[in-house]
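Chemist: Using my numbering, the first residue of the first sequence is number 8, and each one after it goes up by one. We put the beta carbon where it would ideally sit given N, CA and C, even for glycine.
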Amino acid sequence: MAKLRTIKGTHDILPWDIYKWQRVEKVLKEVFDAYTCKEVRTPVFEQTSLFARGVGEFSDIVSKEMYTFQDKGGDNLTLRPELTASVARSFIQHNYQQASPLHKLWYFGPLFRQERPQAGRQRQFHQYGIEFLGSTFPEADAEVIEIAAEIYTKLGLKNWELHINSIGSVEARKIYMEVLKKELKDHKAELCETCQARYDGNILRLFDCKNSACGDIMRDHAPSILDHLSDEDTLHFEELKALLTASGIDFFVDHTLVRGLDYYTRTTFEIKGTALGAQDALCGGGRYDDLISDLDGPQTPAVGFAAGVERLIMAMDAESLFDEDQSFVDLYIAPMDIHCLKGISPIVHNLRKKAFRVHMELMRRSVKAMMRDANRQKARWVAVIGEQELESGNIKLKNMKKNEQIECKILDIETIING
RNA sequence: GUGGAUGUAGCUCAGCAGGUAGAGCGCUUGGUUGUGGCCCAAGUGGUCGUGGGUUCAAGUCCCAUCAUUCACCCCA
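1. Which partner residues does N172 have in the DSSP bridge list?
2. Spell out a yes or no on whether the segment 26-46 and the segment 112-124 are touching, meaning 3 or more CB-CB pairs, one atom from each, closer than 8 Å.
3. Between P145 and T274, is the Cβ-Cβ spacing less than 9 Å?
4. Using a threshold of 9 Å, state whether the C-beta atoms of H139 and L86 are closer than that.
5. For K188, which residues from the same chain have a beta carbon less than 8 Å from its beta carbon, with the 5 sequence-adjacent residues on both sides left out?
6. Buried or exposed for H133, going by 16 or more other Cβ atoms inside 10 Å?
7. Whole angstroms are fine: how far does the CA of R128 sit from the CA of G81?
8. Taking the C-alpha atoms as reference points, what is the distance between V34 and L213?
9. Please name the residue, chosen from A106, L164, P108, I68, that lies closest to Q121 on a Cα-to-Cα basis.
10. Out of W388, D215, P305, T241, state which residue places its alpha-carbon closest to the alpha-carbon of Q105.
11. Pull the bridge partners of C221 from the DSSP assignment, please.
12. Quick check: the Cα distance between T252 and E153, rounded to an integer number of angstroms?
13. Residue range of the alpha helix (DSSP H) that A156 falls in?
14. To the nearest angstrom, report how far apart W23 and A285 are at their CA atoms.
15. Taking a contact to mean a Cβ-Cβ separation below 9 Å, would you say T307 touches I320 in this structure?
16. Are there 16 or more other CB atoms within 10 angstroms of the CB of M8, so buried, or fewer, so exposed?
17. Between A196 and S219, what straight-line distance do the alpha-carbon atoms span, to the nearest angstrom?
18. Among the candidates G136, T49, P230, F65, whose CA atom is the shortest distance from the CA of G315?
19. Alpha carbon to alpha carbon, how far is V389 from G141?
20. Should E317 go down as buried or exposed, given a rule of 16 or more other Cβ atoms within 10 Å for buried?
21. If you count every other CB in all the chains shown that lies within 10 Å of the CB of I25, and 16 or more means buried, which is it?
22. Does the Cβ of E277 have 16 or more other Cβ atoms within 10 Å, making it buried, or fewer, making it exposed?
23. Would you kindly work out how many angstroms separate the C-alpha atoms of L396 and L21, rounded to a whole number?
24. In chain order, what residues of the same chain have a beta carbon less than 8 Å from the beta carbon of R48, not counting five sequence neighbours either side?
The structure is reproduced here in structure tokens:
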């Protein structure tokens, strides 16, 4: 029988690494709370049609990367490859707009895409993100971007940059794509194969090509979408930039930033990790004013982003931002022999009830071995308890950091280790 | 889906003009009676990814296969 192991592209988060995740999750929660966003949790699988309609039938994610299956009832289901569609579905299903005209939501959870794994890309991965549903105004875009920036700042990450762009409304974009097609017509033959295919398919994707020849052509001949926006689109973008500047957030305007998903309108943005490998997008998002209505919901403007947690942790590791795993054990109980256990039990239980982190030896090891173990676990205090101690009510309490041992009453343990 | 790289103890790796496995770290125990971090010692631990082939003999050469990894594609 083959060795049991995780499926390709999936990873265990090991017990000695989990503190990184918990640290990140704690900061996320703090930031989301500060902006009064509420968490929403949706199922990991949904009807396949939700993603086909929401993300775009011809996008790579839907056409070749989804984990799709039929359940025993014959329903066509898919493990979610992204979360915006699920949030939109939840919004529509439960008529959020009737409860309030604006919803500021956040989420965190695993996603699934059947891609070839590489650095910063796995088949099960995690994203957190936010969706502001209801506001059409640029201050909503600004606040969403501010939250993204605030998270990286608060985590101490230095090597990242924010890129923003506006791809206008659907109508403006349609006109721009015609212009782009016209301008590039004479150079089509010079483009790489995939770009030639994109020329006829989704011409905006030409901006994403990493081929240097294509890049040169685009730089020299492609007009900027920013010159082809409607007056309203332009005003929206200008106000957004002004608000970001006012908040002290640095950004680059990159007119080639056209996100991969089909549902974006107007604002798009991306945060790139500058110390990562090929997969350097830490966070991507934008405005999607038509998604809810496209899914048969009420016309609802929206803006949000999604960010990869594994990539964030990679970036933080690259900057050595995780402190060594701090002390996890307040008090290490070292019983001298098993006859004392019944006497020790109520003491331990009482301390745990008061939220102290108490480890009691379960391996019946020697005192030397217990001290070694306590040291390895970075226990703050060790209590040595034997029959003498139980009889007299005086136990030996050792401060591991100071290497000092004192005698104290059992009842005083709490106040001593508190200080 | 397409390329390249790699697969030897829990971890990081060495071994190679082919002769039946090593280091460091870790882990366990000990250095006398109920006490850590340093040091010393002993011990634990691998059918050298798997299956074939060449050879008297293969971790070491050849083929296949699987897995991992990096990059393309796409994206977080």
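Modeler: So, to answer that:
1. T275
2. yes
3. yes
4. Here residue 139 turns out to be Phe, not His, going by the sequence shown. Cβ atoms of F139 and L86: not closer than 9 Å.
5. Y206, I210
6. buried
7. 31 Å
8. 37 Å
9. I68
10. P305
11. Bridge partners of C221: none, in fact.
12. 11 Å
13. 145-162
14. 27 Å
15. no
16. Any reading at M8 needs caution, since the residue's pLDDT is 42, under 50, leaving its predicted position unreliable; the model's value is listed next. Exposed, because fewer than 16 other Cβ atoms sit within 10 Å of the Cβ of M8.
17. 15 Å
18. G136
19. 56 Å
20. buried
21. exposed
22. buried
23. The sequence shown places Glu at residue 396, rather than the Leu named in the question. Approximately 38 Å, taken between the alpha carbons.
24. Y114, G116
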